[in-house]
Each structure stands twice: as structure tokens, then as C-alpha cells.
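Take a look at the structure set out below.
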Amino acid sequence: MFTSEQEKIRIEKLRLIIEKGIDPYPNRFDRTHTVREIKETFSDRKDVRVAGRLIAVRKHGKSTFANILDDGENIQIYLKKDILGEKYSLLELLDIGDFLGIQGNTFTTHTGEPTILVEDLILLSKSISPLPEKWHGLQDKELRYRLRYIDFIVNLESRSAIETRAKIIRLTRKFLDDKGFLEIETPILQSLYGGAFAEPFKTYYRALDREFFLRISDELYLKRLICGGFNKVYEISKDFRNEGQDRLHNPEFTQLELYEAYKDYTDIKNLVEELFSHLTQNLYSSSKIIYQDIELDFTPPWKTVRYFDAIKEFTGYDLYDVDYKYVKKIIEELGIDISEDSAMIKSGKNLTPSYIRDKLIDKIFGDRVIPKIEQPTFIIDYPKSISPLAKEKEDNPDLVERFEPVIAGIEIGNAFSELNNPLEQEKRFKEQMVQREKGDKEAQPLDEDFLKALGIGMPPTGGLGLGMDRISMILANSRTIKDVIAFPQMRW
RNA sequence: GCGCCGCUGGCUCAACCAGGUAGAGCAACGGACUCUUAAUCCGUGGGUUCUGGGUUCGAUUCCCAGGCGGCGUACCA
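In my numbering, the protein residues as written are 37 to 528.
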């Protein structure tokens, strides 16, 4: 550690600083302003005490211009030997990256640059390792994600994507709190996982001598709260899925889930539209934003398309109420590769034909429909067999009251009128168990305690899950989910 | 998982195709300079070219294997 030529030189400077009787890591420095505050209300001849990281130095013998960076804002400072006297020589021992406290007086240079004329200079923290160079910054993507603390200093857009994400999460909480929702934390460490189709991370709880899981979804616990008499609940927190990574997936991700009693999926649709208006207005004062090359218009109402209509629109095939063989034929015609699909499809012969059929249809849907939908759209009315926690449509028991919001070809969530009939829920779980036993590793396990809660009774309820990382990525115009995650998962 | 591409001083890149002691800018170090902002000018140091093997008189360069990463693709309802 700290063995490069430049680091050794800085460590030697550190020694010289201590020798001069200066504490290179003092405990405190009282500021009168942040750099942002000075710049926002700049006027000449103001006495200020500010602090920041030294990021550029231009020496001219007995005077020096430099810049300090404070919480993403930088300002020029001007140091003169005739003002600083002995202190001016401290500059010899400073490096780019050091934190400085400055007392000075504001002025504007001949070229119009707001500047602080330094009257006193205090070293607040000595930096040992050099920052990347000033022209290109840190370009290497691996280093940018691994050394995120450097990326945030030198690449302003990395910082701003994270800021946008934080704003989105704050705005979402405010939106829900103002509507009377209660944020309630539910277990992340669970004895049984559920609420989504995914493989869990497994762990071991020694005191109980048994296997535990990191949750893949908050759903079943939040619905227990509805059964328990809370009418409006939500949670914004991490879920974990033991799967690969790409521009839309990180193994741990932030999910908003909310449940509201006496509502159905139509009400939840309206809520999603309203939430997005709230977000885009507060972030950009507009309901239109640019994502990559597309202009997205979030003005309600969004387009609503039924699941099978969307498939027909984008593939030309009507797959409603057809048999398994026909779907298989269509898959081949469309050239969709299922050779590497999950064990479920490979060992498909064992599974219920209607179940494989619906899984295959959903494969077509995921492959050929979702990526093509650009403008904010709700896909509604999914097949029942792939939606074991959703309530049937009153006029068609093969379909459920469910929707997924899709934006810029990205699925950002999932919602339904929650199934609250305990006997029907037990039946659906058992169907899942059958598929599970036949080889579908992602079929959902039966949660007896959840059934017990439904048995006590759950009112009609609308529920929603939203991927906050994906929403942040779209609203921050980031190409990959990694950019809105402060520390994305890397291989170690 | 598969395919393609990449890995060279602290950072950004060159040399590799067609093998001959690795170059530049920034950063660092020494010096000049009291309105610069990619400051300028003069000078100096810094490299196990990701790792291991192979071919060769000679490998950063060609070949093989591995590591790490990026992009795409698959898995992820």
C-alpha cells in the first residue's frame, strides 16, 4: 500500500508538515459558507471561510491560482505571498487532492472569474495517492466502477446520476407519505422466500441451525400487513436475486412495493402515472424527458395494451387460446432460441402443457414485445398460470388483473389486483409446487404462514412493485443500471 | 454460459497488423514567473508492457492457457 514513487514523495511531505508543527489531519474547521452558497449569491468583498479539495494549481512564483472542489462545486482561489507571508511556503507541501480550509475575501478577476483571495490557509487532510489526470479523468470502465470514490470526484456525470437517484427515492417517499402510506420494514432475512419467480441467495442461521434466504421480493410480508389491518403500506428497500448481471440487472436491487386496501389494478395504474408526473415535474419541470435518443412523454394517460394484443401487434400472431405445439412452432418461426432456457423448458415434457405454453408465450413477449415499446405503456391482463398471486378478471378466469409498466423497452415494474381468496391462493401455490417438482426451479414455494394470513382475511387490495434502479436509470438518462448504483456488484 | 474486444509508468494514450533495448501528454521532482484557468518556459526521474507457458538468436508485438474487465447475447415472469 502507498508504495508508488508519487505516494512516497507525499508521505515525505507529510513528515515535513508534521515537523513544522502542523497537524495534517485536524479534527474540525468551521465554515461560514459552502462553495455552492458562495457561487449562488456571489458578490465581491465578502469575508468567507470555506473548505474543499484542491483540484488544480497554477503557480506564478509569488502568486498562485488554484481551484477547490466542495460537494461537487468548484471555485477559484488566489494566493499571494505578500498577503500570506510565511504561510505561502506551505504550498510547497500541498498536492492536488488535499483538503484545505480557507479564510479569505471574494473578488472578481480581470477575466470575470469569481475568486477568493486567500488570507489564511489551513490544511484539513493530506492526500497520499494521486488523482487521475485533469484532461481525461478516469476513463477505464473497470476502474470507474471499482474505484467509485475517484469516479465521483473526477467524473461529474457519475456523481449527478447518483444525485438524481437519491432525489427520485426521496420524491417517491414524499409522494407516498403525503398520500397517507406508511413505510414499514419487513424481513430481508427470510426462512422462506416468495413473491417473485427467481432463485434466491441462500445463507445459514446458526442459532436455528437451518437454511435462510435473502428475500427476492417484499410482497408476501407487505400483504400480511394488509391482512393485519394496515390499509396503505409500502417499503423501499433491497431485494436479492441470484442471477446474472447486465445493463438492467444487479444481484441486489432497490424495489418499491406498495399495497393499498380497497383498490384494484386500475387504481394502481393511475397511481403510477401520478407518481411519474410527480417525479418528472420535480426533476425537470416537464412531463417529457430524453432517454438516450428517444423523447419519452409521461403525460397521463399512458397507452394501455392488453398482453395478447401487444403480442399480436409486434409479432403478427394471435396466441390467445392456442395449444402448446402451435406456440412452439411460432417460437421456431420467429427464430427465438430457447435451447439454453431454464430447466423448466428443457424438461418441458413433464410439465403441464398449458403451463409450458404460457411460459413460452411469455418468452416471446419478453423477447419481441417489451424491447419494442418505447413510450410509457401499461401492458395489462396476463395469463393466470404465470401470475400466481394475482386475481382473475371477473369476465375471463384465464386472465388476471395485472399490469406491467414498460418504458424505453424496459420493464420497470409489476402490479395486480391481489388475490385474496385463500382457497384459490392455496390452489395456485399447489399448482406452482407441481411445476416445481417437475423441474421449474423458479416456481414459487408454498408459504403456509402467508396462507394463514389470507385465511384470517385480506380486503380487496391493489399492489405494485417498481424497480427503483431502472426508474432512476431512465430518469437520469443512464445507459446502464450500474451508473445509478453507487457500488455496483463486481467480480472479486 | 457463449461471442467479440481490451489489459503498456499514478492517469490518458502510442508502439503490436509486418518481432529488433517501450514513447508522448497530464501528474511528480528541480528551476523561472504576482490576473491564471488544459497557465507558460527550461530541465529531471519514473515501466516485471495482467500472469504462466510456447515459438524465436531476440516477444509489449506471434501462438496456447489462465486472470480481470467492457460490450453484445443468454438466463433473470
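Where is the CB? At the ideal position from N, CA and C, for every residue including glycine.
All of these numbers come straight from a predicted model, not from anything done at the bench.
Contact between Pro168 and Leu174 holds, since their C-beta atoms are separated by about 4 Å, short of 8 Å. DSSP places Phe465 in the helix class (H, G or I) of the three-state scheme. Contact between the segment 284-292 and the segment 500-507 is present, with at least three C-beta pairs closer than 8 Å. Contact check between the segment 302-314 and the segment 270-287: fewer than three CB pairs, one atom from each, fall below 8 Å, which does not count as touching. Nearest in C-alpha terms to Lys116, of all of Thr151, Ser196, Asp107, Glu428, is Thr151. Straight through space, the alpha carbons of Ile58 and Ile164 are spaced by roughly 16 Å. Where Asp118 is concerned, the enclosing alpha helix (DSSP H) starts and stops at 117-120. Approximately 5 Å separates the beta-carbon atoms of Tyr327 and Ile510; this is inside 8 Å, confirming the contact. Between Lys339 and Thr413, the CB-CB gap stays under 8 Å.
Beta-bridge analysis with DSSP links Arg85 to Gln139. Assignment of Ile205 by DSSP, reduced to helix, strand and coil, places it in the helix class.
In this structure Arg201 is in contact with Ala512, their Cβ atoms being roughly 6 Å apart against a cut-off of 8 Å.
In this structure, Asp80 lies near Thr144, with their beta-carbon atoms less than 8 Å apart. If you draw a straight line from the Cα of Ala479 to the Cα of Phe233, it is about 6 Å long. By the Cβ criterion, the segment 333-352 is not in contact with the segment 446-457, since fewer than three pairs of Cβ atoms, one from each stretch, lie closer than 8 Å.
By alpha-carbon distance to Ser421, the top candidate from Asn432, Pro407, Glu219, Val436 is Val436. Proximity of the segment 257-276 to the segment 211-218 meets the contact definition, three or more beta-carbon pairs being nearer than 8 Å. Out of Lys268, Asn267, Gly265, Glu288, the CA that lies nearest to the CA of Lys274 is found in Glu288. A residue is called buried when at least 16 other Cβ atoms come within 10 angstroms of its Cβ; Lys399 meets this threshold and is buried. Only exposed fits Gln317, as fewer than 16 other CB atoms lie within 10 angstroms of its CB. Cα atoms of Ile409 and Val442: separation of roughly 7 Å, rounded to the nearest angstrom. Across the structure, Leu319 and Glu199 are spaced so that their CA atoms are roughly 11 Å apart. The way I'd put it, the segment 487-497 doesn't touch the segment 341-351; fewer than three beta-carbon pairs between them come closer than 8 Å.
Residues of the same chain with a CB within less than 6 Å of the CB of Val190, apart from the 5 flanking positions on each side, are Pro168, Gly173, Leu174 in chain order. Shown here, Val358 sits in coil according to DSSP, grouped into three states, outside any helix or strand. For Tyr327, the beta-bridge partners assigned by DSSP are Ile330.
The Cβ atoms of Lys299 and Thr497 sit closer than 8 Å to each other. Excluding five sequence positions before and after Tyr124, the CB atoms of its chain that fall closer than 6 Å to its own CB belong to Lys117, given in chain order. Spatial neighbours of Pro407 in its own chain (CB-CB distance under 8 Å, excluding positions within 5 residues in sequence) are listed in chain order as Gly445.
With respect to the C-alpha of Arg472, the residue from Gly140, Gly137, Glu235, Ser253 having the closest C-alpha is Glu235. Counting only runs of 3 or more residues that sit fully inside the segment 376-438, the beta strand (DSSP E) segments are 413-419, in chain order. The criterion of a C-beta distance shorter than 8 Å is not satisfied by Ala197 and Ser390. Note on Ala92: under 16 other CB atoms within 10 angstroms of its CB, so exposed under the neighbour-count rule. Rounded to the nearest whole angstrom, the CA to CA distance from Thr351 to Arg404 is 7 Å. Approximately 4 Å separates the beta-carbon atoms of Leu250 and Phe237; this is inside 8 Å, confirming the contact. With respect to Leu159, Pro60 sits close: the two C-beta atoms are nearer than 8 Å.
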